[in-house]
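To start, the structure under review is shown below, and the notes come after it.
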Amino acid sequence: MLPSLKQIADLWQREYENAPATLAQMNQIDTLVTAFNVNVDSVVKISGLQLQQYIERFGLTADELKNDTNHGIFSPKDIFRGIFRCFSLGIAEEWIAEDKAVYSWMKKEFGTKNLQMGAQAGIIANTMSLTGINRIITHVGALGKLQSQQFFKRQRLLSFDQNGELKPAYTITRENEETSIHWIIEFDRGDCLKLADQTFICPKSNRFIATYDPVLFNLQIDPHFVDYTCRHKADYIILSGYQALSEHNNGVELLKKTIPIIQKWQPQPLIHLEIASTQDTAVREAIIRQIMPIVDSVGFNEREALDLLDTIGCSDIADKIRLNQQPADMLEALMAIKQKTGCPRIQLHMFGLYVTIQNSDFVLTPKANQRGMVLAAVAAASKATLGKLTDYKDFTAAIGLSVSGCGINGLKELARTLGDSEFVNRGIGQYRGFDIIAVPTIIVDRPKTLVGMGDTISAFSLLGAR
2 MLPSLKQIAD LWQREYENAP ATLAQMNQID TLVTAFNVNV DSVVKISGLQ LQQYIERFGL
62 TADELKNDTN HGIFSPKDIF RGIFRCFSLG IAEEWIAEDK AVYSWMKKEF GTKNLQMGAQ
122 AGIIANTMSL TGINRIITHV GALGKLQSQQ FFKRQRLLSF DQNGELKPAY TITRENEETS
182 IHWIIEFDRG DCLKLADQTF ICPKSNRFIA TYDPVLFNLQ IDPHFVDYTC RHKADYIILS
242 GYQALSEHNN GVELLKKTIP IIQKWQPQPL IHLEIASTQD TAVREAIIRQ IMPIVDSVGF
302 NEREALDLLD TIGCSDIADK IRLNQQPADM LEALMAIKQK TGCPRIQLHM FGLYVTIQNS
362 DFVLTPKANQ RGMVLAAVAA ASKATLGKLT DYKDFTAAIG LSVSGCGING LKELARTLGD
422 SEFVNRGIGQ YRGFDIIAVP TIIVDRPKTL VGMGDTISAF SLLGAR
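Residue numbers (this note's numbering): 2 to 467.
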């Protein structure tokens, strides 16, 4: 007799109770390095009604709103075209504005009332400084006073001053360096938007990111950071920051300049690349062909997976997922991406389920990976519940919340695909010669925030795999 949904949920609930022990073991990590992107986020909540009012104010037509040919911000109209797209589909995307006049408009219209640390390197550095990791070194392209104020006041969270001296990041102000602000526009599942005779209901809480960031556009890299991290080996390096590059702004060449740096870091640290919403196709292709094959691990969400599939010529798989997103199809997507890039470890975080596929000889065992993924699920649910993670105890606040039924159903579907009925209980199996690890997650119906959720998931999944 097959176990019931409750029996499976109870089994995974017991697995989740081990998260505090996994978290405690992170004190075995000496040095984590994060690069290249740090900025300030201004978080704004938007309702369906407010979005409707903006659309009416700018006179956007249905055809303009549904225009999917350009994912760039050239005027304020484009901001609301992007928000509408993400709101109506329940997806997350980041669009780039290269005109400072648009940036000034956003600053005036959306304001800066709710500022916090932004970007993968910054969010991960702050979050991990609350764990037992001995020290975290982060790259900051521009470290003005507003930026330094977003770093937690932790003595072991470090960056470089203008003279190349390693200091607690919150104490540093590099003169004449302007802080970049990104606007994170969040919306809630179930909210509705009415346009003419149509009603759009948001299927999933998510966000739209509007970015103007000259430092990131030019991928300005601190030579002091490069010199230090090449001479002093870290245990882990987590990378991101390519998503704001564009082909017409020399983005592919800027990306290529980071390759020798990554090669100098090797082989000691385990290097992870966090894929973000990269709208420029040429830059995305360069990431796939030149960066993913030389790192040890890559993380992304289901939306970013679709972009990768389109770029590697697997639009047929992507179209299938767009029509009806199923775990078995996502596994096919992971296989396609892995085979195309050769990256040893690939992790997908999707709604209700995390899935990792890795080489059978990968340095982290499947069980260790799963421990990290369980901790990541707890930390992510805690962040969604509390709104922010500011203390060690916050990481495990979600223990006791129910494991998602849709995650367990996803496990069942994967079990059928793998031909392994025990996969539902174990979450560890084999597929085409690779290890497959999956974890059903905790879903928080009304998350207080989604900013940095993917970064939190990927970082804990990897660093918790002890």
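We put the beta carbon where it would ideally sit given N, CA and C, even for glycine.
Given a cut-off of 8 angstroms on the beta-carbon distance, is the pair residue i and residue j in contact?
i, j, result
"Phe218", "Asn250", "yes"
"Ile222", "Phe435", "no"
"Asn40", "Gly119", "yes"
"Phe188", "Tyr171", "no"
"Ile182", "Thr113", "yes"
"Ile444", "Gly300", "no"
"Asp297", "Leu335", "no"
"Val284", "Gly252", "yes"
"Val440", "Met374", "yes"
"Ala399", "Thr386", "yes"
"Arg304", "Glu95", "no"
"Ile92", "Ile74", "no"
"Ile458", "Ala329", "no"
"Asp192", "Gly388", "no"
"Ile210", "Asp456", "no"
"Ser241", "Leu274", "yes"
"Arg35", "Ala126", "The amino acid at residue 35 is misidentified as Arg; the sequence shows Thr. Yes, the Cβ-Cβ distance between Thr35 and Ala126 is below 8 angstroms."
"Val45", "Phe111", "yes"
"Leu167", "Leu159", "yes"
"Gln327", "Glu414", "yes"
"Ser403", "Asp395", "no"
"Val379", "Ala20", "yes"
"Tyr355", "Ser422", "no"
"Ala381", "Met454", "yes"
"Ala466", "Leu365", "yes"
"Gly401", "Leu419", "no"
Can you round the beta-carbon distance between residue i and residue j to whole angstroms, since I take them to be within the 8 angstroms contact cut?
i, j, result
"Ile30", "Tyr237", "7 angstroms"
"Ile289", "Leu309", "6 angstroms"
"Ser43", "Trp184", "5 angstroms"
"Leu451", "Arg208", "5 angstroms"
"Ala277", "Gln121", "7 angstroms"
"Leu24", "Thr397", "7 angstroms"
Can you find the residues in the same chain that come closer than 8 angstroms, C-beta to C-beta, to residue i, ignoring five residues on each side of it along the sequence?
i, result
"Ile260", "Gln291, Ile292 and Ile295"
"Cys231", "Ile262, Lys265 and Trp266"
"Leu256", "Leu220, Tyr243, Leu246, Val284, Ala287, Ile288, Gln291 and Ile292"
"Asp69", "Arg86"
"Leu464", "Met27, Ile30, Leu33, Met129, Thr132, Ile134, Tyr237 and Gly373"
"Asp392", "Leu131"
"Lys339", "Ile347, Ile358 and Phe435"
"Ala197", "Ala63"
"Gln163", "Arg175 and Glu176"
"Val425", "Pro4, Ile9, Ile409, Leu412, Lys413 and Ala416"
"Arg82", "Leu61, Glu65, Leu66 and Asn68"
Taking 7 angstroms as the limit between beta carbons, can you name the residues of its chain near residue i, skipping five residues before and five after?
i, result
"Leu6", "Gly406 and Ile409"
"Thr312", "Thr282, Arg285, Glu286 and Ile289"
"Glu179", "Ala143 and Gly145"
"Arg157", "Ser130, Asn135, Arg136 and Ile137"
"Gly428", "Gln371, Leu412, Ile438, Ala439 and Val440"
"Lys78", "Phe59 and Leu61"
"Val216", "Gly142, Ala143 and Ser181"
"Leu14", "It is worth fixing the name first, because residue 14 is Gln in this sequence and not Leu. Correct list, in chain order: Val404."
"Gly343", "Pro294"
Against chain D, with Cβ distances strictly below 8 angstroms, would residue i count as a contact?
i, result
"Ile313", "In summary, chain D is missing from the structure at hand, where a single protein chain is found."
Tell me residue i's beta-bridge partners as DSSP assigns them.
i, result
"Tyr237", "Leu33 and Leu271"
"Asn40", "Gly119"
"Cys193", "Ile202"
"Ile80", "DSSP output for Ile80 lists no bridge partner at all."
"Arg208", "Glu187"
"Val45", "Ile186"
"Gly73", "Ile97"
Here's a check: name, in chain order, each residue in its chain whose Cβ is nearer than 6 angstroms to the Cβ of residue i, leaving out the five neighbours to either side.
i, result
"His72", "Trp96 and Gln280"
"Phe363", "Pro345 and Arg346"
"Arg190", "Cys203, Lys205 and Ser206"
"Trp106", "Pro77"
**Message:** In chain order, what are the residue ranges of uninterrupted beta strand (DSSP E) at least 3 long that sit wholly in the stretch 98 to 173?
**Reply:** 116 to 119, 136 to 139, 158 to 161 and 167 to 169
**Message:** My parser needs the beta strand (DSSP E) runs of 3 or more residues fully inside the stretch 346 to 396; what are they?
**Reply:** 346 to 351 and 354 to 360
**Request:** Kindly provide the ranges of any beta strand (DSSP E) runs that are 3 or more residues long and lie completely inside the stretch 258 to 318, ordered along the chain.
**Result:** 271 to 275 and 298 to 302
**Request:** Would you list, in sequence order, the uninterrupted beta strand (DSSP E) runs of no fewer than 3 residues that lie entirely inside the stretch 386 to 451?
**Result:** 429 to 432 and 435 to 441
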